[in-house]
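Quick notes on the structure that follows.
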Amino acid sequence: MNKTLLLLCLMTSFSILAQDPVVQNDAFAEIPKEPGTSDCSCSHWINKDLGDQGETSASGLTSPNSAVKFDDFESDLIYQEVEVLANTNYKLTYAVRFNDGADPDVTPSSIEMRILKGSGYESGYTPVYYTDATIKPTSGFGYIDITVAELAANNIAIDTQVHPGNSDYLVYEFDFNSGSETSIAIMGRGIGRPNTPPADASDSRPWLWSSGEDEIRVDYLTVINQDALSIQEFSAANLKVYPNPAKSNITIISSNQSQVDSVELYNILGSKLKTYSSLVDNTINISEMSSGIYLLKVNSGNNTVTKRIVIE
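Following this line, the structure appears as structure tokens:
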């Protein structure tokens, strides 16, 4: 089964519970975009006023599948406008991999994710949430100036992650509140040279910022409604599940000392794969599971917490 369907099922399973915002091409599948152009993992994620479109990489979180790539020394980014509820708490989760550059003396790359306010869109603009990337505009909408997108007044949240020192996929997440906004824009890019044009600068690539020496790949990206989850799940904030991603064992700790009765592991189609009726040292063994994305359901009495995990 391809990654697009897997991630679609994942998002569907969470949306039923949490009324999550709709993020198009959240798995960065290589799909069609504007007519006359090649299919791309960047489909639904293009804003050529702010930076160059990301490229397709075959090195996704699980193989074989695609990811979107930010090239070294270039001005690649992703941008998508998303409808949200006002005054609501959300969590954005994304998976990132850095490829090491060759020269340690050159500025390394970092990954930057921004949540931009819809109220900062170009004057007179009304967002349209396209489901078909082949008719979606790639310029002249939303934010049209990177300096405006960088203004603190137009940002709800900024998350920056530096090179972790390895080339593994790592999952990052951060929380934000929508405030009075009912539309946001998600913008992600490789950074490192804030005042340096890209190596491929031209009249059609006039940007004055660029990434450092390391290529960056982004695979899936999700936005979860935390308020809806808090209604249906117990003490999610008090439950720690680590490491994530994991290879052999996962530890489950409740900071408020709630008793964990059992743990269930599901694939992202919702099929139960395994039940752990008892934990040894608060740990379960997942070494027999294939690499991929799973749902971990932790049960305590009549309450449950569902966590998304990645097994490498």
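Numbered per mature numbering (1 follows the signal peptide of the UniProt record, and there is no 0), the sequence shown spans residues -18 to -1, 1 to 294.
Where a beta carbon is used, it is the ideal one built from N, C-alpha and C, also for glycine.
- Three or more pairs of CB atoms, one per stretch, sit closer than 8 angstroms, so the stretch 171 to 185 contacts the stretch 49 to 57.
- For Gln1, no pairing in a beta bridge is given by DSSP.
- A direct Cα-to-Cα measurement between Ile268 and Ile232 gives close to 7 angstroms.
- Taken atom to atom, the span from the alpha-carbon of Glu63 to that of Pro227 is near 28 angstroms.
- Annotated three-state conformation of Ala134 is helix, per DSSP.
- Under a 10 Å Cβ-count criterion, Val110 is classified as exposed, with fewer than 16 other Cβ atoms of the shown protein chains found around its own Cβ.
- Counted as a single uninterrupted DSSP element, the beta strand (DSSP E) harbouring Ala49 occupies residues 49 to 52.
- Taking a contact to require three or more Cβ pairs closer than 8 angstroms, the stretch 69 to 78 and the stretch 115 to 132 do not qualify as touching.
- Taking a C-beta distance under 9 angstroms as the contact criterion, Ile138 and Glu163 qualify as a contact pair.
- In this model, Trp191 and Ser121 are separated by some 18 angstroms (Cα to Cα).
- Here Lys279 is not near Val292, since their CB atoms are 9 angstroms or more apart.
- Leu98 is positioned such that its CB atom lies no closer than 9 angstroms to that of Tyr202.
- Two segments are said to touch when three or more pairs of C-beta atoms, one from each, lie closer than 8 angstroms; by this definition the stretch 14 to 25 does not touch the stretch 154 to 162.
- Selection Tyr276, Thr204, Thr265 evaluated against Leu255 yields Tyr276 as nearest (Cα-Cα).
- For Ile28, no beta strand (DSSP E) segment is defined, and its DSSP state is neither H nor E.
- The three-state reading of DSSP puts Gln6 in coil, since its state is none of H, G, I, E or B.
- In the three-state scheme derived from DSSP, where H, G and I count as helix and E and B as strand, Gly172 is classed as strand.
- Rounded to whole angstroms, Arg199 and Cys22 show a C-alpha spacing of 14 angstroms.
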